[in-house]
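Novice: First the structure, which I've put down as structure tokens, then a few questions once you've had a look.
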Amino acid sequence: MIGRLNHVAIVVPDLVAATALYRDTLGATVSEPVDQPAHGVTVVFVGLPNTKVELLAPLGDHSPVAKFLAGNPNGGIHHICYEVDDILAARDRLQASGARVLGDGEPKMGAHDKPVLFLHPKDFLGTLVELEQA
Ligand code: CO
Numbered sequence: 382m383i384g385r386l387n388h389v390a391i392v393v394p395d396l397v398a399a400t401a402l403y404r405d406t407l408g409a410t411v412s413e414p415v416d417q418p419a420h421g422v423t424v425v426f427v428g429l430p431n432t433k434v435e436l437l438a439p440l441g442d443h444s445p446v447a448k449f450l451a452g453n454p455n456g457g458i459h460h461i462c463y464e465v466d467d468i469l470a471a472r473d474r475l476q477a478s479g480a481r482v483l484g485d486g487e488p489k490m491g492a493h494d495k496p497v498l499f500l501h502p503k504d505f506l507g508t509l510v511e512l513e514q515a
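Position 99 (the sequence shown) corresponds to 480 in my numbering; numbering is contiguous.
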């Protein structure tokens, strides 16, 4: 059911330093920072040949990643995102198997303007999983 790995999201305490680490130390191609006020984050996209890494820093007072950063002051992997062809079919199949979908269970428009859902980390090996309709 799941397809390509769309991205790995890493929450970072210092976006400038994190960008320099990926650009200069790891030699990756990185974007300019992009504010996404609707999602409470500023994102730097790291382009890799087969997927992306997203460096996320809190934006605003009610960022959904602020609590994560408080618990992980050095930063850390926040979620991984898999592509699916049909997000409603994927949701229904997962819920039928007992997996918990976060929120009200309805897909929201994600950071790439495509429908996304998040799955409960306790049901997926301690990992927050995002599904994005490709
Ligand atoms: Co994501």
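In this text, a Cβ means the ideal position worked out from N, Cα and C, and glycines have one as well.
It should be emphasised that the depicted structure is a prediction, and the values quoted were computed from it without experimental measurement.
Can you tell me which of Ala470, Gly479 and Leu512 puts its alpha carbon nearest to the alpha carbon of Ala492?
Specialist: Ranking the options by Cα distance to Ala492, first place goes to Leu512.
Novice: Compute the minimum distance between the beta carbon of His388 and the heavy atoms of ligand 1, and state whether it is under 8 Å.
Specialist: His388: yes, Cβ under 8 Å from ligand 1.
Novice: What does the alpha-carbon distance come out to for the pair Leu475 and Leu396?
Specialist: Approximately 34 Å between the Cα atoms of the pair.
Novice: Say whether the stretch 404-415 touches the stretch 475-491, bearing in mind that this needs 3 or more beta-carbon pairs closer than 8 Å, one atom from each stretch.
Specialist: At 8 Å Cβ cutoff, the stretches do not touch.
Novice: Using the Cβ count rule (16 or more neighbours within 10 Å means buried), how would you classify Val415?
Specialist: Classification for Val415: exposed.
Novice: Check the DSSP bridge columns for Thr423 and list the partner residues they point to.
Specialist: Answer is Asp416 and Ala438, bridged to Thr423.
Novice: Who pairs with Gly457 in a beta bridge, going by DSSP?
Specialist: Val392, per the DSSP bridge assignment.
Novice: Per DSSP, which residues does Leu500 bridge with? Please list them.
Specialist: Leu500 is bridged to Val482 and Val510.
Novice: Rounded to the nearest angstrom, what separates Phe499 and Gly428 at their Cα positions?
Specialist: If I take the Cα positions, the gap works out to 23 Å.
Novice: Just the Cα atoms here: how many angstroms apart are Leu436 and Gly457?
Specialist: So the two alpha carbons sit approximately 10 Å from each other.
Novice: Can the beta-carbon of His460 be found less than 9 Å from the beta-carbon of Leu509?
Specialist: Yes, the Cβ-Cβ distance between His460 and Leu509 is below 9 Å.
Novice: Could you check the C-alpha separation between Val422 and Gly452 for me, to the nearest Å?
Specialist: Distance between the alpha carbons of Val422 and Gly452 is about 17 Å.
Novice: Can you give me the C-alpha to C-alpha distance between Ala438 and Val389, rounded to a whole angstrom?
Specialist: So the two alpha carbons sit approximately 14 Å from each other.
Novice: Leu469: buried (16+ other C-beta within 10 angstroms of its C-beta) or exposed?
Specialist: Counting Cβ neighbours within 10 Å, Leu469 comes out exposed, since fewer than 16 surround it.
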